[in-house]
Amino acid sequence: MDISVVTGKSPRSSGQGRQQHQDEDVDMDSGALGNHVQIDTYPSYEENGRLYHGFRRGMYMYPCDENEQDRLDLFHRVLCVARKEILHSPNIKIPPSIMRNPTSIHDQGPRILDLGCGTGIWAIDIAKKYPHAYVLGIDLAPMQPTNRPPNCEFQSPRDFESPWLLGENSWDFIHLQMGCGSVSNWPNLYSKVFAHLKPGTGYFEQVEIDFEPFTVNGMPNEHLSEWYQQLKAATDKAMRPIAFNRSMKHTLKEAGFVDVRQHVEGLPLNEWPEDPSDKLVGKWYNLAFSESALTLLQGPLTRISGMSLDRIQDLADQAITQAYDKNVQAWNHLQVYTARKPR
1 MDISVVTGKS PRSSGQGRQQ HQDEDVDMDS GALGNHVQID TYPSYEENGR
51 LYHGFRRGMY MYPCDENEQD RLDLFHRVLC VARKEILHSP NIKIPPSIMR
101 NPTSIHDQGP RILDLGCGTG IWAIDIAKKY PHAYVLGIDL APMQPTNRPP
151 NCEFQSPRDF ESPWLLGENS WDFIHLQMGC GSVSNWPNLY SKVFAHLKPG
201 TGYFEQVEID FEPFTVNGMP NEHLSEWYQQ LKAATDKAMR PIAFNRSMKH
251 TLKEAGFVDV RQHVEGLPLN EWPEDPSDKL VGKWYNLAFS ESALTLLQGP
301 LTRISGMSLD RIQDLADQAI TQAYDKNVQA WNHLQVYTAR KPR
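In terms of UniProt numbering, the sequence shown has 197 at position 197, counting the first letter as 1, and numbering is strictly consecutive.
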């Protein structure tokens, strides 16, 4: 689908265009953060007409092809529109440069880490916003562009659930966007994030979409609910639940974080709201959901639930049809958490 035809604006407009990542200097081993991995060792593979990355094969259940990269960029645009074009919560302050050495990105400037960076679009945008900062994005799939700001670097394939070799107590800001469905052990991940943030000033932000559908006045949404319940059941069984972690605030506090804050926004599934800004969010989110309904189901439901492709297609089609119905007035929740590491 040509996204610009539907919306009048490409979701890539807030970041650089992509090129397939080609880094022939990548040469080291196992995926621990900070180590290099030979990309050719883990070739991508095709399954049910979609391309999946070979690193940690089967662990991440979603594709890595061009259509998926467009979908991820589209979701970035949805989040930007829903959050009024901010790239991080206002309470997170990026410090000014201290003794900046212009010949090195590994110096005393602010350090920003993007976990599961996908196409790298957020990392590129944040690097442009803070040109004095060093920005590092990591992901399982090598699909980040080579054309990027000089203060932005990507390391992929990397598994952020593997050990980290990135320097404890050294990061000003660690960011995770749409991590649900990729994480098997949240307490363990939060412990790593906590250890690597600077004491007293280091912030973590997590941005998630809660796909559980809600409707105004309890209007029927059986097809959206069936879509969500099937996806939830399969990813729960795979031990990488896509369902929003409702104990996140408690888990962050258990990891040692303080100043844990939650902000919730509604994401209408079409243009049913009367408010113009909400209507715009609904326009973008309807497109994003429509592009995602089948993609999110296909891997989990074929691999884990043993469901036929025809049945999966029906589930997706019915959910999309209901998402388009302005009489249903359905929405999801955008959940944003921030947390600070104490001294």
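No residue lacks a Cβ here, since even glycine has one placed at the ideal position from N, Cα and C.
Q: Could you check which residue in V78, I94, Q335 and C80 has the C-alpha nearest to that of residue 394?
A: Outside the displayed span of the chain (1 to 343) sits residue 394, for which this structure offers no information.
Q: Give the DSSP-derived three-state secondary structure of Y62 in the structure shown.
A: The DSSP-derived three-state label of Y62 is coil.
Q. Are the region 173-180 and the region 77-97 in contact at 8 Å, needing three or more beta carbon pairs?
A. Two segments are said to touch when three or more pairs of C-beta atoms, one from each, lie closer than 8 Å; by this definition the region 173-180 touches the region 77-97.
Q. Taking the runs of the beta strand (DSSP E) that are 3 residues or longer, which of them lie wholly in the region 285-341?
A. Secondary structure within the region 285-341: the beta strand (DSSP E) runs of 3 or more consecutive residues, fully enclosed, are 330-340 (chain order).
Q) Out of R343, G299 and K84, which has the shortest C-alpha to C-alpha gap to P63? A) Ranking the options by Cα distance to P63, first place goes to G299.
(Q) My assumption, with CB atoms under 8 Å, is that L287 sits in contact with A316. Please give the rounded CB distance. (A) So it is not a contact: roughly 15 Å between Cβ atoms.
(Q) For F204, which residues in the same chain have their Cβ closer than 6 Å to its Cβ, ignoring the five residues on either side in sequence? (A) Cβ within range, chain order: I174, V193 and A339.
Q) Roughly how many angstroms lie between the CA atoms of S191 and L136, to the nearest whole one? A) Approximately 19 Å, taken between the alpha carbons.
Q) Among all the DSSP beta bridges, which residues are the ones paired with F204? A) Partner residues in the beta bridge of F204, as assigned by DSSP, are I174 and A339.
Q: Can you tell me which of D259, I242, L165 and R240 puts its alpha carbon nearest to the alpha carbon of K249?
A: By alpha-carbon distance to K249, the top candidate from D259, I242, L165 and R240 is D259.
Q: Would you kindly report the start and end of the unbroken alpha helix (DSSP H) that includes F194?
A: DSSP places F194 inside the alpha helix (DSSP H), whose first and last residues are W186 to H196.
Q | Contact between the region 317-334 and the region 264-273 (3+ Cβ pairs under 8 Å) | A | These segments touch.
(Q) Could you compute how far the alpha carbon of P142 sits from the alpha carbon of R50? (A) If you take the alpha carbons of P142 and R50, they lie about 16 Å apart.
Q) What's the C-alpha gap between Q335 and C80? A) When rounded, the distance between both Cα atoms is 13 Å.
Q) Excluding the five sequence neighbours on either side, which residues of its own chain have a C-beta within less than 8 Å of the C-beta of D325, listed in chain order? A) Counting only Cβ-Cβ distances below 8 Å, and skipping sequence neighbours, we find N270.
(Q) To the nearest angstrom, how far is the alpha carbon of H236 from that of N245? (A) Looking at the sequence shown, residue 236 is not His but Asp. Going by C-alpha positions, D236 is about 11 Å away from N245.
Q | Test item: CB-CB of L182 and G116 under 8 Å | A | Before going further, note that residue 182 is Ser rather than Leu in the sequence given. With contacts defined by Cβ atoms closer than 8 Å, S182 and G116 form a contacting pair.
Q: Express the C-alpha separation of I312 and A323 in angstroms, rounding to a whole number.
A: When only Cα atoms are considered, A323 and I312 end up about 16 Å apart.
Q: Starting from L231, follow the alpha helix (DSSP H) in both directions and report where the run begins and ends.
A: Where L231 is concerned, the enclosing alpha helix (DSSP H) stretches over E222 to K237.
Q: Check the C-beta distance from T321 over to H223 and give it rounded, since I have them as a contact under 8 Å.
A: T321 to H223, Cβ: 7 Å. Contact.
(Q) Short of 6 Å in beta carbon distance, which residues of its chain neighbour S30, apart from the five on each side in sequence? Order them along the chain. (A) Its pLDDT being 44, under 50, S30 is placed unreliably by the model, and the measurement read from it follows with that caveat. Nothing meets the Cβ criterion.
Q. Looking at P163 and the ligand SAH, is the gap between the Cβ and the nearest heavy atom below 7 Å?
A. Ligands displayed in this structure: none; no statement on the ligand SAH is therefore possible.
Q.
Please state the DSSP three-state secondary structure of P43.
A. When secondary structure is reduced to three states using DSSP, P43 falls in the coil class, being assigned neither helix nor strand.
Q: Give the straight-line distance between the Cα atoms of E66 and Q144, rounded to the nearest whole angstrom.
A: Cα to Cα, E66 sits roughly 11 Å from Q144.
Q: Would you kindly report the start and end of the unbroken beta strand (DSSP E) that includes L51?
A: Here the beta strand (DSSP E) through L51 covers R50 to Y52.
Q | Where D275 falls: helix, strand or coil (DSSP) | A | Three-state DSSP puts D275 in coil, outside helix and strand.
Q.
In whole angstroms, give me the CA-to-CA distance for Y337 and Q206.
A. Between Y337 and Q206, the C-alpha separation is close to 5 Å.
Q: Within the same chain, show all residues whose beta-carbon is closer than 6 Å to that of M61, passing over the 5 residues directly before and after it, in chain order.
A: Counting only Cβ-Cβ distances below 6 Å, and skipping sequence neighbours, we find G299 and P300.
(Q) Using the three-state DSSP reduction, which class does Q144 fall into: helix, strand or coil? (A) Three-state result, Q144: coil.
Q. Assuming C152 and A123 make a contact with CB atoms under 8 Å, what is their CB distance in whole Å?
A. Between A123 and C152 the Cβ distance is about 6 Å, and since that is below 8 Å, they are a contact.
**Q.** DSSP state of H250 mapped onto helix, strand, coil
**A.** Assignment of H250 by DSSP, reduced to helix, strand and coil, places it in the helix class.
**Q.** Through-space distance from P241 to L309, alpha-carbon basis
**A.** Taking the straight line from one Cα to the other gives about 21 Å.
**Q.** Cut-off 6 Å between Cβ atoms - residues of its own chain near F154, not counting five sequence neighbours on either side
**A.** Residues G120, G137 and Q144 of the same chain have their beta carbon placed closer than 6 Å to that of F154, with the five preceding and five following residues left out of the count.
**Q.** Presumed contact (8 Å Cβ cut-off) between E208 and M178, rounded CB distance
**A.** So it is a contact: roughly 6 Å between Cβ atoms.
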